[in-house]
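Undergrad:
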Amino acid sequence: MGDAGRPASPQTVQLGLTVRYFLGLGSNLGRKRDNLSQARRLLKKNGLRLLRTSAEYRSQPVGDRNQPWFINQVLEAESGLEPSALLTLVKRLELKMKRTPGRRRGPRRIDIDILLAGRRIVSTPRLKVPHPRMTGRKFVLVPLCEIAPRALHPVSGKTIRRLLRETNDQSSLHKLRNRRWRN
Ligand code: ADP
Ligand code: MG
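Counting from 1 along the sequence shown, just add 293 to a position and that's the residue number in the numbering used here.
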C-alpha cells in the first residue's frame, strides 16, 4: 500500500522539526544539586525531551576564582523550539529560579547554556551557538564527552573527545556519585 496522498502524521512532522540540543547546567549558590534537578524538571515541564544526562561534576570556578565551586552537568535534549526561542525559555527559567543578576560568570543559583544545537551555527548579538566558551573548558567537555564523545563541533569539525584531548584547562573537576532520587 502506498502513502500517496496521505498527510504526514503529526508525529512525523514533529520529528522533522525538532532540534537535538546539548545544554550545560551550572550552579554555585544555595542547594546546588537541588538547583540542577529543579532546572531539569522545569525544562521537561516546558516540553523538552531529555535524552541523556551526564553525571554531576564539582568544578573549580574558572575566571573569577573568588567564588564557590560549581556543580555542572550536561543534558542532551530534543525540542521543537528554534535556538532563539529556547534561549528565551532558558532565560525565563533562570529568572524563575531567581538567578542573582550581576557579575558575568559570577555566583549563580542556575546557569543554563546552549552548547550545541545539532549542526546549526547561530551568531547574533543575543545568541552564539556553538557556545563560544565551551571548547576550552573541562567542566563542559568532560560531562559532554561522557554522553556524546563522537558529537561534532560544527565550526571546528572536531569531535568532543578530540576537543577534550586538546584542551589545556588545568582546573579541577570531580565526578559525583549519582543520587538515587535524581530525575
Ligand atoms: P555566562 O554563561 O557566560 O556566564 P550569562 O549566563 O550571564 O554568562 O550569559 C550572558 C548572555 O549570554 C545571555 O544573556 C545570552 O543572551 C548570551 N548568550 C549568547 N550565546 C549563548 C548561548 N549559547 N547560551 C546561553 N546564553 C548565551
Ligand atoms: Mg549562561
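Yeah, the Cβ is synthetic: ideal placement off N, Cα and C, and Gly gets one too.
1) Less than 8 Å between the CB of I364 and some heavy atom of ligand 2, yes or no?
2) Can you pull the DSSP bridge partners for H467?
3) Is Q360 helix, strand or coil when you go by DSSP?
4) Following a CB-centred definition, is H446 positioned closer than 8 Å to any heavy atom of ligand 1?
5) Would you report the Cα separation of V355 and K338, rounded to the nearest angstrom?
6) Distance, Cα to Cα, E349 vs L316?
7) Count Cβ pairs between the segment 321-335 and the segment 422-432 that sit closer than 8 Å; are there 3 or more?
8) For Q304, count neighbouring C-beta atoms within 10 Å of its own C-beta (all shown protein chains included) and say buried if the count is 16 or more, exposed if not.
9) Is S327 a contact residue of ligand 2, with contact defined as CB to any heavy atom under 8 Å?
10) Report, in whole angstroms, the separation of the C-beta atoms of R478 and A378, which I expect to be a contact under 8 Å.
TA: Based on what the coordinates show:
1) no
2) R351
3) coil
4) Relative to ligand 1, even the nearest heavy atom lies 8 Å or more away from the CB of H446.
5) 31 Å
6) 13 Å
7) no
8) Because the pLDDT of Q304 is 48, which lies under 50, any placement of that residue in the model is unreliable, and the number read from its coordinates should be weighed accordingly. That one is exposed.
9) It is worth fixing the name first, because residue 327 is Asp in this sequence and not Ser. For ligand 2, not one heavy atom lies less than 8 Å from the Cβ of D327.
10) Since the first residue shown for the chain is 294 and the last is 476, residue 478 is missing from the structure and cannot be characterised.
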